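Chemist: Residue numbers (numbering that gives the first Met the number 0): 0 to 417.
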Amino acid sequence: MNRQIAGVRGVSALLPHDTATWAAVEDLARSVLAAYGYAEIRLPVLERTELYARAVGEVTDIVEKEMYTFLDRNGESLSLRPEGTAGCVRAGIEAGLFHNQTQRLWYQGPMFRHERPQKGRYRQFHQLGVEAYGMRGPEIEAELILLGDRLMRMLGVKTRLLMNSLGTAACRARYRDALVQYLEAHASALDEDSTRRLQRNPLRVLDSKNPEMAEVLAGAPQIGDYLNADAQAHFERLTDQLSVLGVRFEVVPRLVRGLDYYTHTVFEWVSEDGGAQTAVCAGGRYDGLVAELGGAPTAAVGFAIGLERFMGLVTKVSADQAPDVFVMTPAALGASALVLAESLRNNGLRVEVHLAGASQKSQMKRAQESRARCIVQAQDEEAVVVICAGRNEGTVPWTDAVTRVTKALEAKTKHDDK
Ligand code: ATP
Ligand code: MG
Numbered sequence: 000m001n002r003q004i005a006g007v008r009g010v011s012a013l014l015p016h017d018t019a020t021w022a023a024v025e026d027l028a029r030s031v032l033a034a035y036g037y038a039e040i041r042l043p044v045l046e047r048t049e050l051y052a053r054a055v056g057e058v059t060d061i062v063e064k065e066m067y068t069f070l071d072r073n074g075e076s077l078s079l080r081p082e083g084t085a086g087c088v089r090a091g092i093e094a095g096l097f098h099n100q101t102q103r104l105w106y107q108g109p110m111f112r113h114e115r116p117q118k119g120r121y122r123q124f125h126q127l128g129v130e131a132y133g134m135r136g137p138e139i140e141a142e143l144i145l146l147g148d149r150l151m152r153m154l155g156v157k158t159r160l161l162m163n164s165l166g167t168a169a170c171r172a173r174y175r176d177a178l179v180q181y182l183e184a185h186a187s188a189l190d191e192d193s194t195r196r197l198q199r200n201p202l203r204v205l206d207s208k209n210p211e212m213a214e215v216l217a218g219a220p221q222i223g224d225y226l227n228a229d230a231q232a233h234f235e236r237l238t239d240q241l242s243v244l245g246v247r248f249e250v251v252p253r254l255v256r257g258l259d260y261y262t263h264t265v266f267e268w269v270s271e272d273g274g275a276q277t278a279v280c281a282g283g284r285y286d287g288l289v290a291e292l293g294g295a296p297t298a299a300v301g302f303a304i305g306l307e308r309f310m311g312l313v314t315k316v317s318a319d320q321a322p323d324v325f326v327m328t329p330a331a332l333g334a335s336a337l338v339l340a341e342s343l344r345n346n347g348l349r350v351e352v353h354l355a356g357a358s359q360k361s362q363m364k365r366a367q368e369s370r371a372r373c374i375v376q377a378q379d380e381e382a383v384v385v386i387c388a389g390r391n392e393g394t395v396p397w398t399d400a401v402t403r404v405t406k407a408l409e410a411k412t413k414h415d416d417k
């Protein structure tokens, strides 16, 4: 046998066992997004590296050490997308989507980050991103949160919503100075990661997942004390609206995001995973990004669900892909079985035919595993046996098989409905 070729670390296939759940969740998400008037945008996986350096930020973890960057054959630096917002804005500017109009957009697909693979953290993972443009007030933030909240409720996903405001770029700059001063005064208490971040991206120090940092961070200045009146009013209007709408949330003064483009509201839905908190979905307002990437100033807000983490929390979804009918057949009658299966499918049924030429016994085993409600056994050139819900419905000529199966399934459905 030839040597096997291993897949890339942290990059895996989604197997048939899981695709049914994913597809059911995606279908539900599509209908919820449509209910809120969001339109799909399909974005490329490749962008110029410069886009992420400028949008996400040169000194973020993503750009500093997580991107898959390479030179293409023309010597141009390209990167596999580590997130979707930058590409969405880039594509929207190019297509003129933000000119004096509002946009409600969503996308779904793989993202790539060179991180250390572990549970819930992969090198290729999937995000469902939702972005809204041209709306300045907190109402659109409330709408996005309602949308996310509805999706999670419908799927039985248990999370907590954490929120904070980072204010305007000016508020952030003032806060940043105060934070750096404090952290420098406590330099000996900082771990290696935080020491590095302190110089380059101090807000990110607050995001440290090291429990030993908790004490020093607890004493750090809080951004809430540095918001100007407008930023404070904006955040208060949002939290008031959410309270009126009955959405539960917690204001967490230390919540920041790892990407540079956020201003004002940031939020995160987290799940409790064996004591540790993991972010399932994260987002916020990024009013500066469209202009930063060469478009006209445009209000913007969005979030992204990490689908691998999200799927692990889904408790309510019906992803039944069992066939309605399983057809067992000796190899010699395979062609007739195919013809019968086509007629059954013409009647709207889902049909699986055993075409592997196995013994009657192993075919029956496979038929039962398939959880098909009805089994058709090809006997000989004349007749087939129909079995429905374990009950023998009789031996019938091939030509009567469709009618017999359909009747048996109808009777069973009526019985099940009672
Ligand atoms: P974390 O703090 O866990 O590294 P992040 O702040 O880097 O997350 P975002 O860039 O905000 O994450 O991405 C949004 C969501 O995408 C996250 O909340 C998470 O659910 C998911 N996500 C991010 N990185 C990964 C990864 N490497 N593997 C799987 N899911 C991921
Ligand atoms: Mg990360």
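Where a beta carbon is used, it is the ideal one built from N, C-alpha and C, also for glycine. The structure displayed is predicted, hence computed values, not measured ones.
Grab me the residues of Q378's own chain with a C-beta within less than 8 Å of its C-beta, minus the 5 sequence neighbours each way, in chain order.
Modeler: Within the sequence shown, residue 378 is the residue found at index 379, counting from 1. The residues are V384, T394.
Chemist: Residues bridged to Q100 by DSSP?
Modeler: Working through the sequence shown from its first residue, we reach residue 100 at position 101. In DSSP, Q100 forms no bridge with anything.
Chemist: When burial is assigned at 16 or more other CB atoms within 10 Å of the CB, is M162 buried or exposed?
Modeler: Locating residue 162 in the sequence shown gives position 163, where the first residue counts as 1. Flag for M162 reads buried.
Chemist: Determine the direct distance from the alpha carbon of S78 to that of V44, and round the result to whole angstroms.
Modeler: The sequence position of residue 44 within the sequence shown is 45, counting from 1. The sequence position of residue 78 within the sequence shown is 79, counting from 1. Distance between the alpha carbons of V44 and S78: 8 Å.
Chemist: Could you tell me whether the Cβ atoms of Y225 and Y174 are closer together than 8 Å?
Modeler: Walking along the sequence shown from the start, residue 225 turns up at place 226. Walking along the sequence shown from the start, residue 174 turns up at place 175. Yes, Cβ-Cβ distance for Y225 and Y174 is below 8 Å.
Chemist: Count the other CB atoms within 10 Å of the CB of V265; is the residue buried (16 or more) or exposed (fewer)?
Modeler: Within the sequence shown, residue 265 is the residue found at index 266, counting from 1. The residue in question, V265, is buried, as its Cβ has 16 or more Cβ neighbours within 10 Å.
Chemist: Do you know how far the Cα of E114 is from the Cα of Y260?
Modeler: For the purposes of this step, residue 260 is identified with residue 261 of the sequence shown, where counting begins at 1. For the purposes of this step, residue 114 is identified with residue 115 of the sequence shown, where counting begins at 1. C-alpha separation (whole angstroms): 21 Å.
Chemist: With distances taken Cα to Cα, identify the nearest neighbour of T277 among I304, V289, G293.
Modeler: As a first step, residue 277 is located in the sequence shown; it is residue number 278 there, counting from the start. Answer by Cα proximity: I304.
Chemist: For V255, which option in L306, A275, R203, F248 has the closest C-alpha, if you only look at C-alpha atoms?
Modeler: Counting from 1 along the sequence shown, the entry for residue 255 is found at position 256. Out of L306, A275, R203, F248, R203 has the C-alpha closest to the C-alpha of V255.
Chemist: For the ligand ATP, is there a heavy atom less than 7 Å away from the beta-carbon of R152?
Modeler: Working through the sequence shown from its first residue, we reach residue 152 at position 153. Every heavy atom of the ligand ATP is 7 Å or more from the Cβ of R152, so no.
Chemist: DSSP three-state call for A298: helix, strand or coil?
Modeler: Sequence index remark: in the sequence shown, residue 298 carries index 299 (1-based). The three-state secondary structure of A298, taken from DSSP, is coil.
Chemist: When the Cα atoms are used, what is the spatial distance from K157 to L306?
Modeler: Position 158 of the sequence shown, counted from the start, is the residue given in the question as residue 157. Position 307 of the sequence shown, counted from the start, is the residue given in the question as residue 306. Cα-Cα distance, rounded: 14 Å.
Chemist: Check whether the Cβ atoms of P252 and Q221 sit closer than 8 Å, and answer yes or no.
Modeler: The residue you call residue 252 lines up with position 253 of the sequence shown. The residue you call residue 221 lines up with position 222 of the sequence shown. Yes, these two residues count as a Cβ contact at 8 Å.
Chemist: Would you report the Cα separation of R365 and L408, rounded to the nearest angstrom?
Modeler: Stepping through the sequence shown from its first residue, residue 365 is reached at position 366. Stepping through the sequence shown from its first residue, residue 408 is reached at position 409. Note on geometry: alpha-carbon atoms of R365 and L408 lie some 20 Å from one another.
Chemist: Between the Cα of T314 and the Cα atoms of E39, M153, G74, which residue gives the shortest distance?
Modeler: Within the sequence shown, residue 314 is the residue found at index 315, counting from 1. Checked all of E39, M153, G74; the closest Cα to T314 is M153.
Chemist: Against chain D, does V383 count as a neighbour if the rule is that its beta carbon must be under 8 Å from one of theirs?
Modeler: In the displayed structure, chain D is absent; only one protein chain is listed.
Chemist: Relative to the C-alpha of I402, which candidate in A52, L339, H233, L292 has its C-alpha closest?
Modeler: Indexing the sequence shown from 1 puts residue 402 at position 403. It should be noted that the sequence gives Thr, not Ile, for residue 402. Of the candidates A52, L339, H233, L292, the one whose C-alpha sits nearest the C-alpha of T402 is L339.
Chemist: Just checking my contact of V326 with V375 at CB under 8 Å: how many whole Å lie between their CB atoms?
Modeler: Here residue 326 corresponds to residue number 327 of the sequence shown, with the count starting at 1. Here residue 375 corresponds to residue number 376 of the sequence shown, with the count starting at 1. With a Cβ gap of about 5 Å, V326 and V375 count as contacting.
Chemist: Start and end of the beta strand (DSSP E) containing T262?
Modeler: The residue you call residue 262 lines up with position 263 of the sequence shown. Unbroken beta strand (DSSP E) run through T262: 262 to 272.
Chemist: Let me know the secondary structure DSSP gives F234 once reduced to three states.
Modeler: Your numbering for residue 234 matches position 235 in the sequence shown. The answer is helix: DSSP assigns F234 an H, G or I state.
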